[in-house]
Amino acid sequence: MEQEQQTICPWCMTEIVWDEEIGPEKHCPHCDNELSGYRTLQIGLDQDDQAEDEDEEDTSDEPEWDAGDEDESYGGNGSAWKDTDQGFRHTNRAWMAVEETLRRVVDEQEEAPECPSCREYMIEAGKQKLNVEPTVHGAVGRPLVQSPIETTLYVCPSCFNTSSILSDKDRERMLKALSPQD
1 MEQEQQTICP WCMTEIVWDE EIGPEKHCPH CDNELSGYRT LQIGLDQDDQ AEDEDEEDTS
61 DEPEWDAGDE DESYGGNGSA WKDTDQGFRH TNRAWMAVEE TLRRVVDEQE EAPECPSCRE
121 YMIEAGKQKL NVEPTVHGAV GRPLVQSPIE TTLYVCPSCF NTSSILSDKD RERMLKALSP
181 QD
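Its first residue numbered 1, the sequence shown is counted upward by one per residue in the numbering used here.
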């Protein structure tokens, strides 16, 4: 019989059970934090005197930092650091201009539906006329739309999903068809 061992995640306090075949978990399956990365800090008030003594021993005649001591892996002048994308998020000016143009286009539209896939605002691409064979519903006794119908086509600038919405005129016709006749 396999002997199971358990660990408690120090981050979310969840009990993690693992068996010897698989071995210990490296990350908590509940909060996804690293189990071995939990660090504690010991603060001792009575140890202040010892810490001051250690600080005095570390002082020397050399300066702590010298411009000539730059990390050689970065070429000493920081040029390699600029090439590694560490610390800065690069922006593409062309993409920023596209986003600004899209924002202005969406602001000028009468309607700006959200994309059902990614929730970005969609931009109006144009109008479509469709010839459809209307369905006669038994509950109403007549078709809800009259052919041809007009729809407005919207395109998502992020995921390029398309969506169409019935025109105002055809919406009104559909609502009249749904309302009871006097």
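Glycine included, every Cβ here is placed at the ideal spot set by N, Cα and C.
Computed from a prediction, not measured in an experiment: that's the story for all the values here.
Own chain, CB closer than 8 Å to residue i, minus 5 neighbours either side, in chain order
i: SER117; result: CYS156, CYS159 and ASN161
i: MET150; result: Residue 150 is actually Glu in this sequence, not Met. Closer than 8 Å at the Cβ level, and outside the excluded window around GLU150, lie LYS127, GLN128, LYS129, LEU130, LEU166, SER167, LYS169 and ASP170.
i: HIS27; result: ASN33, GLU34 and LEU35
i: CYS115; result: TYR121, MET122, CYS156, SER158, CYS159, ASN161 and SER163
i: VAL132; result: VAL145, SER147, PRO148 and ILE149
i: CYS12; result: CYS28, HIS30, CYS31 and ASN33
Assigned exposure category for residue i - 16 Cβ within 10 Å defines buried
i: THR101; result: exposed
i: THR135; result: exposed
Among the options, the one whose alpha carbon lies nearest that of residue i
i: GLU20; options: THR7, CYS28 and THR14; result: THR7
Separation of residue j from residue i, as counted between CA atoms
i: ASP32; j: PRO10; result: 12 Å
i: PRO24; j: TRP18; result: 6 Å
i: LEU175; j: GLN181; result: 12 Å
i: TRP95; j: GLU172; result: 40 Å
i: ARG93; j: ILE22; result: 49 Å
i: ALA97; j: ARG103; result: 10 Å
i: HIS137; j: GLU99; result: 44 Å
i: LEU153; j: ARG142; result: 27 Å
Residues near residue i by beta carbon distance below 7 Å, same chain, minus five either side
i: LEU178; result: VAL140 and LEU144
i: VAL106; result: ALA112, TYR121 and ILE123
i: ARG119; result: none
Own chain, CB closer than 6 Å to residue i, minus 5 neighbours either side, in chain order
i: GLU15; result: GLN6 and ILE8
i: GLN109; result: GLU124
Legend entry - Entirely enclosed beta strand (DSSP E) segments - the stretch 96 to 174, minimum 3 residues: 123 to 130, 149 to 155 and 162 to 166
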